[in-house]
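These notes concern the structure reproduced below.
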Amino acid sequence: MKFSQRLSQGLVHIGRILITILILTVFLGVVYLGIKNLTSRAHLSKSAAPLIEEEVETPKGKEISLEGDVNANTVADTLLAQGLIKDKASFIQVATEMGVYSYFGPGDFTIPQDATVKEMIHSLTKDKIASLQDVSVTLPHNVTSDQVADILLAQGLISSKPAFVQRVNSLGVQGQFKAGSHKISAPIKVDDLIKTLCQEVGK
């Protein structure tokens with residue numbers, strides 16, 4: 001009787017141990033599968049990412065080419081045709097106000113992305129302006145407005161002879177140009193250029 005009771009208790013104890021082992025096995029299996037799943041997802045994520053990141057080149061601007069007889073009007077036409085400006089008259093007005101109406105020249109230029117009208121004008125005139133710093137303009141005695149216009153046109157200080165002569169007439173300074181060598185610092189507005197040439201040299 002006692003032996004049978006002890007055997008029964010032993011079997012119950014062994015059963016409890018087996019159940020505990022089974023529960024631990026199931027738990028460890030679940031943990032293992034969870035870790036394996038996470039590892040697999042991480043691997044797929046890395047595989048999906050590019051091995052080498054391609055460099056994205058930032059657009060530097062738009063290339064334009066100016067040829068032939070270049071002036072504010074022709075430049076405005078070119079920019080308008082390429083969609084860089086929306087209004088020709090406004091462009092010419094800004095160039096005039098900046099005193100660089102006559103300082104556009106031929107060449108290849110890069111217009112910066114999202115550039116303002118003033119920034120465009122600066123990009124298109126800076127090279128010519130740099131070449132015209134402290135230009136010396138020599139006028140003979142009794143020089144006429146037409147002769148002055150020819151001299152300035154030859155030196156690249158104006159772009160239109162008729163427009164210059166017309167402005168001289170509008171200011172009422174015909175015949176008031178002074179002989180001698182005048183130092184001109186570009187850029188300079190047409191009105192200021194005329195006033196400078198009407199002053200005695202050295203004043």
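For the sequence shown, position 139 (counting from the first letter as 1) is numbered 139 according to this note's numbering, and the numbering increases by one without interruption. No residue lacks a Cβ here, since even glycine has one placed at the ideal position from N, Cα and C. These figures come from a predicted structure and were not determined experimentally.
Would you give the residue range spanned by the alpha helix (DSSP H) that residue i belongs to?
i	result
residue 195	190-197
residue 217	Summary: the structure shown does not reach residue 217, with the chain confined to residues 1 through 203, and so no result is reported for it.
residue 168	161-171
residue 71	Note, residue 71: premise wrong, no alpha helix (DSSP H); not H, not E.
residue 186	That residue, residue 186, is in no alpha helix (DSSP H); it is neither H nor E in DSSP.
residue 124	117-131
residue 97	88-97
Once the 5 residues before and after residue i are set aside, which same chain residues still bring their CB inside 6 Å of it?
i	result
residue 153	161
residue 184	135 and 137
residue 189	99
residue 167	190
residue 181	136 and 138
residue 128	103 and 105
residue 163	none
residue 88	76 and 80
residue 20	none
Starting from the C-beta of residue i, find all residues in its chain whose C-beta is less than 7 Å away, skip the five residues before and the five after it, and write them out in chain order.
i	result
residue 61	110, 111, 112 and 113
residue 148	139, 177 and 197
residue 58	In this predicted model, residue 58 has a pLDDT of only 48, less than 50, meaning its place in the structure is not dependable; the value taken from the coordinates is given anyway. Correct list: empty, nothing qualifies.
residue 173	194 and 198
residue 81	none
residue 201	178, 180, 181 and 182
residue 124	75, 104 and 109
residue 97	none
residue 155	135 and 137
Based on the DSSP output, what are the partners of residue i in its beta bridges?
i	result
residue 180	139
residue 66	107
For residue i, which residues of its own chain have a beta-carbon under 8 Å away from its beta-carbon, when the five flanking residues on both sides are left out?
i	result
residue 48	In this predicted model, residue 48 has a pLDDT of only 47, less than 50, meaning its place in the structure is not dependable; the value taken from the coordinates is given anyway. Answer for residue 48: no residue qualifies.
residue 141	179
residue 78	64 and 66
residue 86	80
Residue i and residue j look like a contact to me (Cβ under 8 Å); what is the Cβ gap, rounded to whole Å?
i	j	result
residue 94	residue 117	5 Å
residue 84	residue 120	7 Å
residue 104	residue 70	5 Å
residue 108	residue 159	Not a contact, Cβ separation roughly 20 Å.
residue 133	residue 186	6 Å
residue 165	residue 146	6 Å
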